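Novice:
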Ligand code: IMP
């Protein structure tokens, strides 16, 4: 898809290009490979937003990883999280005694990941780390949430692309961009 494509016209600007994403994801894959030598981590993809990041990241990890998927929804408007998290699809496998890496698209207030992390701790994972593609640190309300691996720190703006959506659209944009406020009426 090139930058003249129709869905690119709804972006205010491109924040991270697909080349920058590929480079950072490869770096992160190498880091995880080194950090988990001798282990077989369970990579947990948080659907749907992390799907593209997850698919690219696991292919950069040189370890016998296993994969599992979880779908959650946070109630709220399309551009703001409310803090209430609901599990729509749970993991298929037990994680008792496993080294788990949660793979998420973006950390905003941190409410979603904080909830997820405590849920997986209660299930007896032997370790849990969080890998996030994007981090809006300025918006964090859960102060003690540790995000172990982050590809990009971004400013407080609503972004779409590379898996991230607005109202389920724009996930297929190869780059990550700031959505034009005219799209969501602000
Ligand atoms: P948190 O619970 O406030 O950290 O929100 C995290 C979730 O909100 C993410 O998994 C996304 O689904 C969604 N989200 C937050 N900011 C954005 C954004 O800029 N674009 C798309 N989704 C977002």
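Residue numbers (this note's numbering): 372 to 557.
C-beta: ideal position from N, C-alpha, C; glycine also.
Computed from a prediction, not measured in an experiment: that's the story for all the values here.
By how many angstroms is the C-alpha of residue 519 removed from the C-alpha of residue 487?
Specialist: Residue mapping note: residue 487 aligns to position 116 of the chain shown, counting from 1. Residue mapping note: residue 519 aligns to position 148 of the chain shown, counting from 1. Looking at the two C-alpha atoms, the distance is approximately 15 Å.
Novice: Would you say residue 406 faces chain D, with C-beta separation under 7 Å as the test?
Specialist: Included in the structure is just one protein chain, with no chain D present.
Novice: So does residue 530 have its beta carbon nearer than 6 Å to some heavy atom of the ligand IMP?
Specialist: On the chain shown, position 159 is the one that residue 530 refers to. At least one heavy atom of the ligand IMP is nearer than 6 Å to the Cβ of residue 530, so yes.
Novice: As a quick exercise: from 545, 424, 531, 413, pick the residue whose alpha carbon is nearest that of residue 504.
Specialist: The residue labelled residue 504 in the question sits at position 133 within the chain shown. The shortest C-alpha separation from residue 504 is found at 424.
Novice: Using the Cβ count rule (16 or more neighbours within 10 Å means buried), how would you classify residue 465?
Specialist: Taking the chain shown and counting its residues from 1, the one referred to as residue 465 is at position 94. With fewer than 16 other Cβ atoms within 10 Å, it is exposed.
Novice: Quick one: residues in its chain with C-beta nearer than 6 Å to the C-beta of residue 509, no 5 flanking neighbours on either side, listed in chain order?
Specialist: As a first step, residue 509 is located in the chain shown; it is residue number 138 there, counting from the start. Contacts found: 527.
Novice: Terminal residues of the continuous beta strand (DSSP E) containing residue 433?
Specialist: If you number the chain shown from 1, residue 433 lands on position 62. Element bounds for residue 433: n/a, residue is neither H nor E.
Novice: Using only the heavy atoms of the ligand IMP, determine whether one of them is closer than 6 Å to the beta carbon of residue 535.
Specialist: Taking the first residue of the chain shown as 1, we reach residue 535 at position 164. Because some heavy atom of the ligand IMP lies under 6 Å away, the Cβ of residue 535 counts as near it: yes.
Novice: Which residues in the same chain as residue 531 place their Cβ atom closer than 7 Å to its Cβ, once the five residues preceding and following it in sequence are excluded?
Specialist: One-based indexing of the chain shown puts residue 531 at position 160. Cβ neighbours of residue 531 beyond the five flanking positions: 537, 541, 544, 548, 550.
Novice: Between residue 433 and the rest of its own chain, which residues show a CB-CB distance below 6 Å, the 5 nearest in sequence each way excluded?
Specialist: By 1-based counting over the chain shown, the position of residue 433 is 62. Within the same chain, residue 433 has close Cβ partners 404.
Novice: Alpha carbon to alpha carbon, how far is residue 422 from residue 515?
Specialist: Walking along the chain shown from the start, residue 422 turns up at place 51. Walking along the chain shown from the start, residue 515 turns up at place 144. Rounded to the nearest angstrom, the two C-alpha atoms are 26 Å apart.
Novice: With distances taken Cα to Cα, identify the nearest neighbour of residue 506 among 484, 499, 498.
Specialist: For the purposes of this step, residue 506 is identified with residue 135 of the chain shown, where counting begins at 1. Among 484, 499, 498, the Cα nearest to that of residue 506 belongs to 484.
Novice: Does residue 556 pass the burial test, meaning 16 or more other C-beta atoms within 10 Å, or should it be called exposed?
Specialist: As a working mapping, residue 556 is identified with position 185 in the chain shown. Its Cβ having fewer than 16 others within 10 Å, residue 556 is exposed.
Novice: Which residues does DSSP pair with residue 502 in a beta bridge?
Specialist: Taking the chain shown and counting its residues from 1, one reaches residue 502 at position 131. 474, 520.
Novice: Along the chain, where does the beta strand (DSSP E) that runs through residue 547 open and close?
Specialist: Here the question's residue 547 lines up with position 176 in the chain shown. Per DSSP, the unbroken beta strand (DSSP E) holding residue 547 starts and ends at 547-550.
Novice: Starting from residue 507, follow its DSSP beta bridges and name the residues at the other end.
Specialist: Residue mapping note: residue 507 aligns to position 136 of the chain shown, counting from 1. None; residue 507 has no bridge partner.
Novice: To which residues of the same chain is residue 481 closer than 7 Å at the C-beta, ignoring the five residues directly before and after it?
Specialist: For the purposes of this step, residue 481 is taken as the residue at position 110 of the chain shown. The residues are 511, 512, 513, 516.
Novice: Can you tell me which of 378, 377, 373, 382 puts its alpha carbon nearest to the alpha carbon of residue 553?
Specialist: For the purposes of this step, residue 553 is identified with residue 182 of the chain shown, where counting begins at 1. That would be 382, whose Cα lies nearest to the Cα of residue 553.
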